[in-house]
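J.:
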Amino acid sequence: MVSNAIAQLQRADRYYNVGDFASAAENYTIAFENENHKEILTKLISSYYLSQDYANALTYLKLLVGGRFLEGDKSYDNNYNFIMYDVLNVKGNIKEAVDYLELYHNNGGRPFDKEKALQILKELEGTNSAFKIVKSNLSSESDDFGAVRVGDSIFFVSDRPSENVLSNLFGKRFKTTQRPFLDIYGVRVNDKNEFADEPVLLSKAINSKLHDGNFCFNSEGSEMFISRSAFSEGDTDRIFDEEGTNRVHLYKSVRIDGIWREAERLPFVRDEFSYMHPSLTRDGRRLYFSSDMDGGLGGFDIYYVMISLDGSYGTPVNLGPTINTTQRDQFPYVSGTGDLYYSTNGRVGLGMLDVFVAPLTVKGFTEPINLGAPINSKYDDFSFSYYKDNNGLVATSRNGTNDDIYSFIQNGDFIKREFNTLFEIRDAVTNELIPNAKIRIEGYQGKEIYNESKEAPSAFNIPLAVDDYTFIGSGDNYPETRMKIEVRGNTNEPYVFKVDRIFTEEELRIIDEKNLAKDLKEKDPSRFELLTDTIGPEVIEKDGRLYIDVAPIYFDFDLSVIREDSEKVLDELAKKLLKYEKIKLKIESHTDSRGPAAYNLPLSERRAKSTFDYLVSKGVNPSRLEYKGFGSSDPVVKCAAGECTDEQYQLNRRSEFEITGY
66 MVSNAIAQLQ RADRYYNVGD FASAAENYTI AFENENHKEI LTKLISSYYL SQDYANALTY
126 LKLLVGGRFL EGDKSYDNNY NFIMYDVLNV KGNIKEAVDY LELYHNNGGR PFDKEKALQI
186 LKELEGTNSA FKIVKSNLSS ESDDFGAVRV GDSIFFVSDR PSENVLSNLF GKRFKTTQRP
246 FLDIYGVRVN DKNEFADEPV LLSKAINSKL HDGNFCFNSE GSEMFISRSA FSEGDTDRIF
306 DEEGTNRVHL YKSVRIDGIW REAERLPFVR DEFSYMHPSL TRDGRRLYFS SDMDGGLGGF
366 DIYYVMISLD GSYGTPVNLG PTINTTQRDQ FPYVSGTGDL YYSTNGRVGL GMLDVFVAPL
426 TVKGFTEPIN LGAPINSKYD DFSFSYYKDN NGLVATSRNG TNDDIYSFIQ NGDFIKREFN
486 TLFEIRDAVT NELIPNAKIR IEGYQGKEIY NESKEAPSAF NIPLAVDDYT FIGSGDNYPE
546 TRMKIEVRGN TNEPYVFKVD RIFTEEELRI IDEKNLAKDL KEKDPSRFEL LTDTIGPEVI
606 EKDGRLYIDV APIYFDFDLS VIREDSEKVL DELAKKLLKY EKIKLKIESH TDSRGPAAYN
666 LPLSERRAKS TFDYLVSKGV NPSRLEYKGF GSSDPVVKCA AGECTDEQYQ LNRRSEFEIT
726 GY
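Residue numbers (our numbering): 66 to 727.
(1) Is the stretch 439 to 446 touching the stretch 410 to 418 in the sense that three or more CB pairs, one from each, lie closer than 8 Å?
(2) Can you find the residues in the same chain that come closer than 6 Å, C-beta to C-beta, to residue 218, ignoring five residues on each side of it along the sequence?
(3) Please name the residue or residues paired with residue 469 in a DSSP beta bridge.
(4) Using a Cβ-Cβ cutoff of less than 7 Å, which residues in the same chain neighbour residue 675 once the five nearest sequence positions on both sides are dropped?
(5) Got a sec, what are the start and stop residues for the beta strand (DSSP E) residue 652 sits in?
(6) Within the same chain, show all residues whose beta-carbon is closer than 8 Å to that of residue 160, passing over the 5 residues directly before and after it, in chain order.
(7) In whole angstroms, what separates the C-alpha of residue 359 from that of residue 338?
(8) Where in the stretch 655 to 716 do unbroken runs of the alpha helix (DSSP H), each at least 4 residues long, occur, reported from the N-terminal end onward?
(9) Output yes or no for whether 8 Å exceeds the beta carbon distance between residue 612 and residue 631.
(10) Taking 8 Å as the cut-off, does the stretch 280 to 300 touch the stretch 209 to 223 (at least 3 CB pairs, one atom from each stretch)?
(11) For residue 378 versus residue 331, is the C-beta spacing smaller than 8 Å?
(12) Could you give the DSSP three-state label for residue 502: helix, strand or coil?
(13) Output needed for residue 210: all residues of its chain with C-beta closer than 6 Å, excluding positions within five of it in sequence on either side, in chain order.
(14) Helix, strand or coil, according to DSSP, for residue 377 in the structure here?
(15) Hey, residue 404 and residue 422: beta-carbon distance below 8 Å or not?
(16) As a quick exercise: from 119, 175, 710, 112, pick the residue whose alpha carbon is nearest that of residue 391.
(17) What are the residues that DSSP puts in a beta bridge with residue 214?
(18) Can you tell me whether residue 196 is helix, strand or coil according to DSSP?
(19) Taking the runs of the alpha helix (DSSP H) that are 4 residues or longer, which of them lie wholly in the stretch 377 to 412?
(20) With the cut-off set at 8 Å, would you say residue 720 and residue 673 are in Cβ contact?
(21) Quick check: what's the CA-CA separation for residue 189 versus residue 436?
(22) Going along the chain, which residues of its own chain have a beta-carbon closer than 8 Å to the beta-carbon of residue 428, five neighbours each way excluded?
(23) Spatial neighbours of residue 78 within its chain, please: CB distance less than 7 Å, with the 5 preceding and 5 following residues excluded, ordered by chain position.
(24) Excluding the 5 residues preceding and the 5 following residue 507 in the sequence, name in chain order all residues of the same chain whose CB lies nearer than 6 Å to its CB.
(25) Using alpha carbons as the reference points, say which of 526, 270, 490, 594 lies closest to residue 538.
(26) Kindly list the residues whose CB is nearer than 8 Å to the CB of residue 117, restricted to its own chain and excluding five residues on each side of it in sequence; keep chain order.
(27) Here's the rule I'm using: 16 or more other beta-carbon atoms within 10 Å means buried, otherwise exposed. How should residue 75 be labelled?
(28) I need the straight-line Cα distance from residue 105 to residue 644, nearest angstrom please.
(29) Determine the burial state of residue 510: buried for a count of at least 16 other Cβ atoms within 10 Å of its Cβ, exposed for fewer.
(30) Give the range of the alpha helix (DSSP H) segment to which residue 592 is assigned.
Laid out in structure tokens, this is it:
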């Protein structure tokens with residue numbers, strides 16, 4: 066009996082390791098009935114989840130989270146809380162799903178706004194009227210996805226049967242689906258993306274004997290980047306990871322005299338990781354892709370690599386937490402306007418993989434937006450692309466059995482490019498709106514984009530695109546004062562701009578320092594208390610803003626580690642923040658001028674993050690802190706690189722602390 070149980074489990078493991086998750090689930094079910102162990106239960110759940118049998122996955126997830134297995138230790142891997150969220154979301158149990166998503170993030174030490182998540186899901190319940198979709202007759206009973214239209218032809222990926230498929234000739238099937246391996250097809254279509262002729266398999270230079278998946282062309286159609294099952298040099302041995310999974314790598318084929326040449330692996334690809342889903346910018350200089358390489362945020366992250374004019378490749382760059390999550394971030398596509406579309410299951414959405422767009426600004430990509438229904442569904446939605454104007458293609462598994470290709474038409478630009486932004490100009494002492502207020506706003510390179518004044522005390526409501534701006538405010542007896550602002554989307558809070566009043570000689574004669582202090586104490590007691598507290602680091606006022614005046618936080622050249630001589634300074638700062646629990650603080654980090662700006666900016670971000678992490682480690686709530694790196698753009702001592710003294714370089718390597726709320 067014991068030997069039969071062991072054999073059953075070994076058979077299940079073999080199915081699981083080759084990706085035949087349906088067969089694995091069948092065998093794990095029997096194994097779990099024989100031996101009620103946690104390890105078998107988790108593999109059983111994963112098998113049902115990966116084979117998209119969400120009803121059975123939910124049944125066994127309830128056993129796991131309820132501790133209904135033999136082991137006395139009832140803990141389980143945190144990822145199963147995320148799987149529970151995913152499955153419950155698909156089944157329509159929204160509130161319970163978000164409870165598990167909150168548990169997943171809390172266990173991972175990440176902040177999570179439960180109310181915001183529920184609000185997003187409520188907003189996604191409706192249909193995005195900007196899109197109309199229809200199932201394409203390119204779809205078959207097999208998996209069809211990754212469609213790209215070029216001229217009057219559509220190229221796509223499919224595992225449909227074909228007498229020309231190389232894997233058929235070898236008698237091979239992919240064990241997960243028991244269908245042929247994925248290959249790339251092409252077909253001529255009409256304006257409705259309907260085809261009359263049968264799709265044609267592309268050449269052997271493009272299609273290998275195993276999987277050939279998502280791909281992209283350059284704008285001239287002379288280069289093709291392909292996701293492909295990884296082979297070693299010489300196309301003889303497949304490349305596997307430690308768990309026995311065949312890796313996926315990026316390859317490139319070049320068309321010469323109308324003939325596609327043998328695809329070659331891209332030089333930055335490393336054997337131990339997967340690289341897939343290529344998307345090339347229109348100018349051919351930047352290649353986006355998805356990878357599980359080390360140093361990422363989670364399962365798969367979106368990266369890009371620069372391509373030089375000579376065809377050489379740079380080092381892959383992770384797009385960071387603005388785009389990537391702890392889960393799957395895949396299928397990037399860059400539109401003609403530079404906006405990044407991609408699919409992820411790591412953000413709150415309708416279920417499984419949803420398509421998001423991160424609009425491009427001069428500062429990079431902004432917060433991703435869920436495209437909603439009908440583009441997205443409760444199942445996987447991916448491989449989004451445009452081909453002309455507002456027409457495009459997308460893949461989905463919403464029928465519950467296989468991946469299908471849909472065409473869509475978009476009505477106008479659904480991306481909100483401007484946001485109504487509220488500004489208030491207030492007296493720095495009385496906190497009252499000032500009369501005869503004047504406001505100017507400068508954008509990129511100091512270009513004036515707004516100039517207005519108002520006689521009566523009032524706020525300014527100004528539509529602004531996502532970007533960085535300089536705000537210049539003034540008024541009668543209030544000199545011009547400047548403030549940097551960052552517009553990143555809708556905000557319910559106004560930008561409050563506080564200016565210092567210039568008193569007349571008569572006013573100065575009758576107002577002494579004591580009365581000013583008394584007035585401040587009555588009008589703004591919290592500000593008064595901060596400015597007069599002599600214990601710990603001093604709070605000072607500059608240009609109407611408050612700063613905590615600590616000894617400089619210095620860093621060694623090229624490093625972001627907090628120096629020992631600065632730990633004591635930060636300890637005192639932490640005590641101040643713990644004493645005044647309403648203070649919100651912005652950490653600004655600066656580098657010296659050595660090194661290129663492209664290197665200094667991320668270095669300063671890391672230094673600001675190190676300062677942030679140190680304060681959090683001392684008990685300061687991270688929600689009270691924000692941090693930003695400025696690179697070498699704002700030195701204390703202005704001296705050219707190579708001409709500063711060591712002392713001047715050190716002064717420029719610093720962190721500063723602005724109080725943004727109290």
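Using N, Cα and C, we set each Cβ at its ideal position, and we do this for glycine too.
T.: Looking at the atomic coordinates:
(1) Taking one beta carbon from each stretch, the stretch 410 to 418 and the stretch 439 to 446 have 3 or more pairs nearer than 8 Å; the two touch.
(2) In the sequence shown, counting from the first residue as 1, residue 218 sits at position 153. The residues are 251, 253.
(3) One-based indexing of the sequence shown puts residue 469 at position 404. BP columns for residue 469 point to 461.
(4) Counting from 1 along the sequence shown, the entry for residue 675 is found at position 610. Excluding residues within five positions, the ones whose Cβ falls inside 7 Å are 625, 626, 627.
(5) As a working mapping, residue 652 is identified with position 587 in the sequence shown. Looking at the DSSP string, the run of the beta strand (DSSP E) that includes residue 652 is 649 to 655.
(6) Taking the first residue of the sequence shown as position 1, residue 160 is located at position 95. Apart from the 5 residues on each side of it in sequence, residue 160 sits with its Cβ closer than 8 Å to the Cβ of 183 in its chain, given in chain order.
(7) For the purposes of this step, residue 359 is identified with residue 294 of the sequence shown, where counting begins at 1. For the purposes of this step, residue 338 is identified with residue 273 of the sequence shown, where counting begins at 1. Whole-angstrom Cα-Cα distance: 8 Å.
(8) Listed in chain order, the complete alpha helix (DSSP H) runs (minimum 4 residues) inside the stretch 655 to 716 are 662 to 682.
(9) Against the sequence shown, residue 612 aligns to sequence position 547. Against the sequence shown, residue 631 aligns to sequence position 566. No, the Cβ-Cβ distance between residue 612 and residue 631 is not below 8 Å.
(10) Segments in contact, yes.
(11) Reading the sequence shown from its first residue, position 313 is the one you call residue 378. Reading the sequence shown from its first residue, position 266 is the one you call residue 331. Yes, the Cβ-Cβ distance between residue 378 and residue 331 is below 8 Å.
(12) By 1-based counting over the sequence shown, the position of residue 502 is 437. Residue 502 sits in a strand when the DSSP states are folded into three classes.
(13) As a first step, residue 210 must be located in the sequence shown, where it is residue number 145. Around residue 210: 222, 448, 460, 468.
(14) For the purposes of this step, residue 377 is taken as the residue at position 312 of the sequence shown. In this structure, residue 377 counts as coil in the three-state DSSP scheme.
(15) Stepping through the sequence shown from its first residue, residue 404 is reached at position 339. Stepping through the sequence shown from its first residue, residue 422 is reached at position 357. Yes, Cβ-Cβ distance for residue 404 and residue 422 is below 8 Å.
(16) By 1-based counting over the sequence shown, the position of residue 391 is 326. The residue with the shortest Cα to Cα distance from residue 391 is 175.
(17) In the sequence shown, residue 214 corresponds to position 149, counting from 1. Its beta-bridge partners are 219.
(18) Here residue 196 corresponds to residue number 131 of the sequence shown, with the count starting at 1. Of the three classes helix, strand and coil, the one that applies to residue 196 here is strand, per DSSP.
(19) Within the stretch 377 to 412, no complete alpha helix (DSSP H) run reaches 4 residues.
(20) As a working note, residue 720 is residue 655 in the sequence shown. As a working note, residue 673 is residue 608 in the sequence shown. Yes, these two residues count as a Cβ contact at 8 Å.
(21) Residue 189 sits at position 124 when you count from the first residue of the sequence shown. Residue 436 sits at position 371 when you count from the first residue of the sequence shown. CA-to-CA, the gap between residue 189 and residue 436 works out to about 9 Å.
(22) Position 363 of the sequence shown holds residue 428. 531, 532, 533.
(23) The residue you call residue 78 lines up with position 13 of the sequence shown. Residues of the same chain with their beta carbon placed closer than 7 Å to that of residue 78 are lacking, with the five preceding and five following residues left out of the count.
(24) Against the sequence shown, residue 507 aligns to sequence position 442. Cβ within range, chain order: 513, 535.
(25) Residue numbering aside, residue 538 sits at position 473 when the sequence shown is read from its first letter. Here the closest residue by C-alpha is 490.
(26) For this step, residue 117 is matched to residue 52 along the sequence shown. Excluding positions up to five away in sequence, the list reads 444, 462, 465.
(27) The residue given as residue 75 occupies position 10 in the sequence shown. With fewer than 16 other Cβ atoms within 10 Å, it is exposed.
(28) Indexing the sequence shown from 1 puts residue 105 at position 40. Indexing the sequence shown from 1 puts residue 644 at position 579. Roughly 50 Å separates the two Cα atoms.
(29) Within the sequence shown, residue 510 is the residue found at index 445, counting from 1. A residue is called buried when at least 16 other Cβ atoms come within 10 angstroms of its Cβ; residue 510 does not meet this threshold and is exposed.
(30) The residue labelled residue 592 in the question sits at position 527 within the sequence shown. Start and end: 590 to 597.
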